[in-house]
Amino acid sequence: MLLRASICILLSNAQPAVSSGLLHLKLNCIVFGDDSRHIFPVDVERTKTVGDLKNVIKITKKPEFDHVAADRLELWKMSDMMPKVKINLNDIDLRNAIIDGGVELHPLTELSDVFADGIERGCIHIVVKHPAIARHIPAADRRIAYLKKGAGSPSAGAKPSAFSTKQDQQEYLCNCPRRAADPVPITLLEPIFAEFMDYCQKYEPIVHDNDFVLQLSEKMASFYPNELVRMNTFRQVLQDYGIILNASMVGSTRCTTDGHILSTNGQFVLMIIEGKNEIGSGTAEPFMEAMLYYRKFMEDSKIEMARLRSFIPCIHIIVFGACISFSGSVFTEKVQSNVLVPIIPLFWHSTDLRMQVMAARTFGALKIAVEKLTKLYSHPIPTLEPEDPYLKCPYPRSYTNSTGFIQEFSYDETQILRD
Numbered sequence: 076m077l078l079r080a081s082i083c084i085l086l087s088n089a090q091p092a093v094s095s096g097l098l099h100l101k102l103n104c105i106v107f108g109d110d111s112r113h114i115f116p117v118d119v120e121r122t123k124t125v126g127d128l129k130n131v132i133k134i135t136k137k138p139e140f141d142h143v144a145a146d147r148l149e150l151w152k153m154s155d156m157m158p159k160v161k162i163n164l165n166d167i168d169l170r171n172a173i174i175d176g177g178v179e180l181h182p183l184t185e186l187s188d189v190f191a192d193g194i195e196r197g198c199i200h201i202v203v204k205h206p207a208i209a210r211h212i213p214a215a216d217r218r219i220a221y222l223k224k225g226a227g228s229p230s231a232g233a234k235p236s237a238f239s240t241k242q243d244q245q246e247y248l249c250n251c252p253r254r255a256a257d258p259v260p261i262t263l264l265e266p267i268f269a270e271f272m273d274y275c276q277k278y279e280p281i282v283h284d285n286d287f288v289l290q291l292s293e294k295m296a297s298f299y300p301n302e303l304v305r306m307n308t309f310r311q312v313l314q315d316y317g318i319i320l321n322a323s324m325v326g327s328t329r330c331t332t333d334g335h336i337l338s339t340n341g342q343f344v345l346m347i348i349e350g351k352n353e354i355g356s357g358t359a360e361p362f363m364e365a366m367l368y369y370r371k372f373m374e375d376s377k378i379e380m381a382r383l384r385s386f387i388p389c390i391h392i393i394v395f396g397a398c399i400s401f402s403g404s405v406f407t408e409k410v411q412s413n414v415l416v417p418i419i420p421l422f423w424h425s426t427d428l429r430m431q432v433m434a435a436r437t438f439g440a441l442k443i444a445v446e447k448l449t450k451l452y453s454h455p456i457p458t459l460e461p462e463d464p465y466l467k468c469p470y471p472r473s474y475t476n477s478t479g480f481i482q483e484f485s486y487d488e489t490q491i492l493r494d
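Numbering (my numbering), first residue to last: 76 to 494.
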């Protein structure tokens, strides 16, 4: 808990607590981790808030804090119940004087309340903790620039006429047209997708899986007056299966999905559903629309997303009438999306057990993939470092040798694959 502390250093001639004046406070501040040579004063009106003080500190610390938003600063004050620490400023690194018990200041708190008893001379009154300033990482910069361009409205952007114009610059690596592709498939970038495809082949359905696909086939083979009713039915059937989807707005936008699943902390989207009432209905292409929604989810926190050492995987379910398909998206330096399994018609003949088993295996694999994505996003994701390998480096770091043992390895250097 050493980071969350503030200190007060008493000099040999320390004075009792006094006011800095009726209208202004003169506060001695230091950035956590700096030594005593870098103590700096700030003048601020007593009637201002802690949030205002953050702005004053940011200005005072130019240019060091130029790339740090004022609201990201954490300010700490010593608790009144804590003993004062007598140290020699010339001998001891200030970091070693920080002790537990500091009080974090809330942005809306007025400074007149924080220093209601006045301030003590010869003390450090505020310890400033700022987030680590990211080093220049070209890949992260390119990611940020890409997200800043914006996806626009997914329903409008997924119209073939609009989407084809974007694809002149290969805005989305989705193999439409064929040149808009990356030589490395998403199954080599994210193991969850590769494992999903494996489970689609080898998963052994249980009674619950078979009952589910029969119910899904029964519901989806029916006709509906519009897309809204069809997708409401689809979400309800999946909810009975244990996959709960939320059809709501994307972040702060006015765009609403046909259904999606967010991570526990609400920062990442695990799954996006896009549906059309029937094949050919509507003006937007559903595969493209799902990709645009995926990009839309990342735009609200574009800087944080761009700096993550992750491909930020998301699985898509595409529904059009009584047909269904599954694809996945990752974020390298562009949105990259690949189809994962063939389209499954849900209006199979009642004697077609092969088609029924294929559907049951696919949805069983889907449940496993959702669990893995939930687990992936439940842990902190590290940020990119300049020394990290190229973003599109495939994920494998181990293999099983001929004796059955797992052999780990690392990449000494990487080379960008070309078509």
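Just so it is clear, CB atoms sit at the ideal spot from N, CA and C, and this is done for glycine as well.
- For F406, there is no enclosing alpha helix (DSSP H); the enclosing beta strand (DSSP E) has its first and last residue at C398 to F406.
- DSSP places H113 in the helix class (H, G or I) of the three-state scheme.
- In this structure L303 is exposed. Its beta-carbon is surrounded by fewer than 16 other beta-carbon atoms within 10 angstroms.
- At a Cβ-Cβ threshold of 8 Å, L100 and L180 do not count as neighbours.
- With fewer than 16 other CB atoms across the displayed protein chains lying within 10 angstroms of its CB, T122 is exposed.
- About 7 Å separates the CB atoms of V106 and H205; that is less than 8 Å, so the two are in contact.
- Using a Cβ distance threshold of 8 Å, M295 and L421 count as a contacting pair.
- Here the C-alpha atom of D146 lies approximately 15 Å from the C-alpha atom of I378.
- Note that the C-beta distance between G326 and F372 is below 8 Å.
- Taking the C-beta atoms as reference points, M366 is found nearer than 8 Å to S404.
- H200 is not bridged by DSSP to any residue.
- The residues A209, A381, R382 and L459, in chain order, have a CB closer than 8 Å to that of A215 in the same chain once the five nearest residues on each side in sequence are set aside.
- The DSSP-derived three-state label of I390 is strand.
- Between T332 and I319, the gap from beta carbon to beta carbon reaches 8 Å or more.
- In its chain, beyond the 5 residues on either side, T124, V125 and G126 have a beta carbon closer than 8 Å to the beta carbon of L183.
- Here N340 carries a coil assignment [DSSP, helix/strand/coil].
- For L466, the secondary structure class from DSSP, reduced to helix, strand or coil, is coil.
- Here D192 is exposed, its C-beta having fewer than 16 other C-beta atoms within 10 Å.
- Setting aside the 5 residues that flank it on each side, E349 is surrounded in the same chain by T332, D333, P361, F362, E364, A365, Y368, H391, I392, I393 and V394, each with a C-beta closer than 8 Å to its C-beta; the list follows chain order.
- Here DSSP, grouped into helix, strand and coil, assigns L291 to helix.
- Between V282 and F438, the gap from beta carbon to beta carbon reaches 8 Å or more.
- In the three-state scheme derived from DSSP, where H, G and I count as helix and E and B as strand, Y316 is classed as helix.
- Restricting attention to beta strand (DSSP E) runs no shorter than 3 residues, the region 408 to 488 encloses them at 410 to 420, 473 to 475 and 481 to 483, ordered along the chain.
- Taken atom to atom, the span from the alpha-carbon of E408 to that of S239 is near 20 Å.
- In the structure shown, D192 adopts coil according to DSSP, grouped into three states.
- Cβ-Cβ separation between V259 and P469: approximately 6 Å, consistent with a contact (criterion under 8 Å).
- By the C-beta density criterion, D141 is exposed, having fewer than 16 other C-beta atoms within 10 angstroms.
- Here P280 is near V432, since their CB atoms are less than 8 Å apart.
- Assignment of beta-bridge partners to V119 by DSSP yields L100.
- Within the model, the alpha-carbon separation for L264 versus D375 is close to 24 Å.
- Relative to V416, the option among L337, C398, T449 and P461 whose CA is nearest is C398.
- Residue nearest to Y452 within the set K223, Q342 and D315 is Q342 (criterion: CA-CA distance).
- Secondary structure of V143 (DSSP, three-state): coil.
- Rounded to the nearest whole angstrom, the CA to CA distance from R196 to N103 is 9 Å.
- Only exposed fits Q314, as fewer than 16 other CB atoms lie within 10 angstroms of its CB.
- In the three-state reduction of the DSSP assignment, N285 falls in the helix class, which pools H, G and I.
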